[in-house]
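Residue numbering for the sequence shown follows full-length UniProt numbering, starting at 31 and increasing by one per position.
Idealized CB from N, CA, C, for every residue including glycine.
Worksheet: the structure to be examined is printed underneath.
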Amino acid sequence: VLDIRKLYAQADVFTYDPGFTSTASCDSTITFIDGDKGELLHRGYPIDQLAEKSHYLEVCYLLLYGELPSSGELEKFENTITRHTMLHEQMQYFFRGFRRDAHPMATMVGVVGAMSAFYHDSTDISDNSQREIASHRLIAKMPTIAAWAYKYSIGQPFVYPRNDLSYAANFLHMCFSVPAEPYHVNPILSRAMDRIFTLHADHEQNASTSTVRLASSSGANPFACIAAGIACLWGPAHGGANQACLEMLKEIGSPDKIPEYIARAKDKNDPFRLMGFGHRVYKNFDPRATVMKQSADEVLDLLGVENNPVLATAKELEKQALADDYFSEKKLFPNVDFYSGIILEAMGFPTSMFTPIFALSRTVGWVSQWKEQLADPHHRIGRPRQLYRGHTLRDYTDIENR
Ligand code: ACO
């Protein structure tokens, strides 16, 4: 790696790299991706092993602190997270200020940003212990925020967290319990939920993580930075893709319509793209998609919906796209979003909740990257350059002469 900053500054030149396809914005020890091999490692551990043998809160610890925890360390961490799941009671009024039909992501951007107005004792980024509390608060409270955004949107009362449940089971409880009818969390479903969280936990310098880092580079407080990440994740080319993918599968409707949609995706005059296909970094199978596919089979099997038309369409679409030269030449493979939407829908989530679930899963990644950035003695405010293509110097024209 060539540190070209000084050379470029001396020569007064800069790189022009729209979309940052070949520019590293930081150095990091958290996550490694080899897009050609289809490999994803967190602190050196492959994602398929973590998804199989570990669970979300252990992966959170790994991402935050760099090593797998001992059993004592894990117990302490889980207790800490569990103790921070409640939201300040006053925050309920903030939720109630939104329209009922607000997208839960809109509510989350607002509520997470507003946490800085409620938790003053964790906004001083110069204080290590405040950074630590902010990290724990964000990871612990995000499921409550996402679940409450959902409950509010469907007109049901907020359900308080239950600290005797696992992280994933508690989230399902807060989403699906109603006062008269507590939701019994099936362990297969909470395991599938936990896997979705784990598979989305971090993905190095993607758009939303880079947004968090850029916001943080100015010294902004952690809640403002994570709110910025949520806003960026919302877009359909990023976190909104699983919602867009499921909507596309439903629009296709049945396997016999697939050739028509594949033809549209290949037509350069048609802006349509196959949602859930392609990735900026993976030019091979997304390793998370493989685990997600297994999880989808398990969940659909449990729920007795193996003849689900959406799944049948998804499976056939995958088969036909992979056999098509256009997709193989451009190295477009199914990504993690291709199957996650199917699992979430089978669990009973509306499509509008797919991206909020991604946001809550990714919070630990954002927080870990934020902490790493603040601990880096070389970090400085992010200030991209531009290639100016506008007018050269010209004189102001008075309005009567224009
Ligand atoms: N369907 C059809 N063609 C596609 C697709 C697709 N899903 N994705 C890329 N292409 C084509 C482009 O048209 C382009 O063709 P060209 O070279 O003839 O112009 C070529 O493949 C390269 O595409 P780019 O947009 O330049 O690739 P980029 O790396 O910028 O984009 C992205 C990656 C945004 C993910 C893209 O593949 C896409 O839009 N996919 C669909 C949305 C999606 O699934 N997003 C989820 C990403 S994963 C995540 O956020 C967790």
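Contact set for residue i: own chain, Cβ-Cβ below 8 Å, skip 5 residues either direction
i, result
"methionine 322", "Arg225, Ile226, Leu229, Val366, Phe368, Tyr369, Ser370, Ile373"
"leucine 202", "Tyr213, Val215, Leu219, Ser220, Met223, Met377"
"methionine 383", "Pro134, Ala176, Tyr180, Cys205, Leu374"
Option nearest residue i by Cα separation, candidates the options
i, options, result
"proline 364", "His421, Arg310, Pro285", "Arg310"
"glutamate 346", "Lys287, Ala147, Leu87", "Lys287"
"serine 247", "Tyr38, Gln120, Ser156, Arg303", "Ser156"
"alanine 39", "Thr422, His421, Arg415", "Arg415"
"glycine 269", "Ser391, Asp297, Asn200, Asp194", "Ser391"
"glutamine 235", "Leu263, Phe107, Ala250, Gly249", "Leu263"
"aspartate 154", "Pro209, Leu423, Leu404, Arg413", "Leu404"
"serine 183", "Arg130, Ala164, Ala136", "Arg130"
"proline 209", "Ala198, Ala222, Phe188, Tyr46", "Phe188"
"isoleucine 290", "Leu341, Ala351, Ala267, Leu330", "Checking the sequence, you will find glutamate at residue 290 rather than isoleucine. Per the Cα distances, Ala351."
"methionine 172", "Ser358, Gly185, Ile111", "Ile111"
"leucine 276", "Pro191, Cys56, Leu423, Asn338", "Asn338"
"residue 515", "Pro407, Leu98, Arg413", "Residue coverage of the chain in this structure runs from 31 to 432, which leaves residue 515 outside it and unanswerable."
"asparagine 272", "Arg161, Pro407, Thr381, Pro48", "Thr381"
"tyrosine 75", "Ala132, Gly68, Val89", "Val89"
"arginine 126", "Phe107, Gly185, Arg161, Gly420", "Gly185"
"threonine 385", "Pro266, Ala132, Leu37", "Pro266"
"histidine 409", "Leu37, Ala326, Glu328, Gly249", "Gly249"
"serine 325", "Arg73, Asp78, Asn158", "Asp78"
"residue 433", "Arg318, Ala274, Leu330, Val329", "This structure leaves residue 433 out entirely; the chain is present only between 31 and 432."
Close-in-space but distant-in-sequence residues of the same chain around residue i (CB under 6 Å, 5 per side omitted)
i, result
"threonine 343", "Leu279, Ile282, Pro285"
"leucine 332", "Ile218"
"histidine 85", "Asp224"
"methionine 145", "Phe253"
"threonine 98", "First, the amino acid is wrong: residue 98 is leucine here, not threonine. Same-chain partners within the cutoff: Leu92."
"serine 207", "Val189, Tyr213"
Classification of residue i by the beta-carbon crowding that lies within 10 angstroms, buried from 16 upward
i, result
"isoleucine 292", "buried"
"aspartate 316", "buried"
"aspartate 232", "buried"
"serine 196", "buried"
"glycine 140", "buried"
"isoleucine 429", "exposed"
"isoleucine 387", "buried"
"isoleucine 411", "exposed"
"arginine 35", "exposed"
"threonine 427", "exposed"
"histidine 150", "exposed"
"proline 191", "buried"
"histidine 421", "exposed"
"glycine 96", "exposed"
"leucine 341", "buried"
Proximal residues to residue i (C-beta, below 7 Å), its chain only, five neighbours per side dropped
i, result
"valine 242", "Cys255, Ile256, Ala258, Gly259, Trp396, Gln399, Trp400"
"alanine 81", "Arg225, Thr228, Leu229, Val321"
"threonine 393", "Leu168, Ile169, Met172, Ile256"
"phenylalanine 302", "Arg294, Ala295"
"alanine 261", "Val139"
"tyrosine 46", "Leu417"
CB of residue i within 9 Å of CB of residue j, strictly
i, j, result
"serine 240", "phenylalanine 50", "yes"
"leucine 87", "leucine 70", "no"
"lysine 296", "tyrosine 213", "no"
"alanine 176", "alanine 389", "yes"
"asparagine 251", "alanine 164", "yes"
"phenylalanine 128", "threonine 115", "no"
"proline 134", "alanine 198", "no"
"lysine 349", "glycine 308", "no"
"leucine 63", "leucine 93", "First, the residue type needs correcting, since residue 63 is isoleucine and not leucine in the sequence shown. Not a contact, by the Cβ cut-off of 9 Å."
"glycine 65", "lysine 313", "yes"
"leucine 362", "leucine 423", "no"
"phenylalanine 148", "glutamine 122", "no"
"serine 152", "glutamate 402", "no"
"leucine 244", "threonine 174", "no"
"asparagine 200", "arginine 113", "no"
"aspartate 300", "cysteine 56", "no"
Residue-chain proximity (residue i, chain D), Cβ-Cβ < 9 Å
i, result
"methionine 172", "Here chain D cannot be found, since the structure has a single protein chain."
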